[in-house]
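Chemist:
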Amino acid sequence: MSEEKFTRKEAIALTYKLGRFDSPTVVAKGKGKTAENILARANEHDVPIYEDPNLVQLLGQLDLNESIPEELYEAVAEVFAFIYRLDQQHAQKYRKNKEF
1 MSEEKFTRKE
11 AIALTYKLGR
21 FDSPTVVAKG
31 KGKTAENILA
41 RANEHDVPIY
51 EDPNLVQLLG
61 QLDLNESIPE
71 ELYEAVAEVF
81 AFIYRLDQQH
91 AQKYRKNKEF
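Oh and the sequence shown: position 56 is 56 in the numbering used here, straight run, nothing missing.
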């Protein structure tokens, strides 16, 4: 009989507003149904989703409205770089579509 490993979905939402926060801040977090709701809201608002279970585990230890610690700056910078690249690709596609 095979055993399937059940993993409970977990999600963390971050925000970063230059001048308002010193570093990215946790604005939502949850497991199970709460995580599904966070992901659904992100999809509704076209917010990119970056999957990294190890980073989620580390960020999950933070409280809501807590800024990320310096130890996570590099990892979170990768997330924001990913989002920036997606935004650039989207803008490029938009400009191409406007030309036609």
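All C-beta atoms in this analysis are idealised placements derived from N, C-alpha and C, irrespective of residue type, glycine included.
Helix, strand or coil for residue 17, going by three-state DSSP, please let me know.
Modeler: The residue given as residue 17 occupies position 17 in the sequence shown. In this structure, residue 17 counts as coil in the three-state DSSP scheme.
Chemist: Is residue 29 helix, strand or coil when you go by DSSP?
Modeler: Mapped onto the sequence shown, residue 29 falls at position 29. Three-state DSSP puts residue 29 in a strand.
Chemist: Below 8 angstroms on the Cβ atoms is my contact criterion, and I expect residue 24 with residue 68 to pass it. Report the Cβ-Cβ distance as a whole number of Å.
Modeler: For the purposes of this step, residue 24 is identified with residue 24 of the sequence shown, where counting begins at 1. For the purposes of this step, residue 68 is identified with residue 68 of the sequence shown, where counting begins at 1. The Cβ separation is near 5 angstroms, so the contact holds.
Chemist: Here's a check: name, in chain order, each residue in its chain whose Cβ is nearer than 8 angstroms to the Cβ of residue 49, leaving out the five neighbours to either side.
Modeler: As a working note, residue 49 is residue 49 in the sequence shown. Result list for residue 49: 39, 42 and 43, in chain order.
Chemist: So, with DSSP's three-state summary, where would you put residue 12?
Modeler: One-based indexing of the sequence shown puts residue 12 at position 12. In this structure, residue 12 counts as strand in the three-state DSSP scheme.
Chemist: So the alpha helix (DSSP H) residue 54 belongs to, where does it begin and stop?
Modeler: Here the question's residue 54 lines up with position 54 in the sequence shown. Run containing residue 54: 53-59, per the alpha helix (DSSP H) assignment.
Chemist: In angstroms, rounded to a whole number, what distance separates the CA positions of residue 88 and residue 20?
Modeler: For the purposes of this step, residue 88 is taken as the residue at position 88 of the sequence shown. For the purposes of this step, residue 20 is taken as the residue at position 20 of the sequence shown. Roughly 24 angstroms between the two C-alpha positions.
Chemist: Beta carbon of residue 10, beta carbon of residue 56: below 7 angstroms?
Modeler: Residue mapping note: residue 10 aligns to position 10 of the sequence shown, counting from 1. Residue mapping note: residue 56 aligns to position 56 of the sequence shown, counting from 1. Their beta carbons are under 7 angstroms apart, which means residue 10 touches residue 56 by this criterion.
Chemist: Can you find a CB in chain D that lies within less than 7 angstroms of the CB of residue 16?
Modeler: Among the chains in the structure shown there is no chain D, since it carries only a single protein chain.
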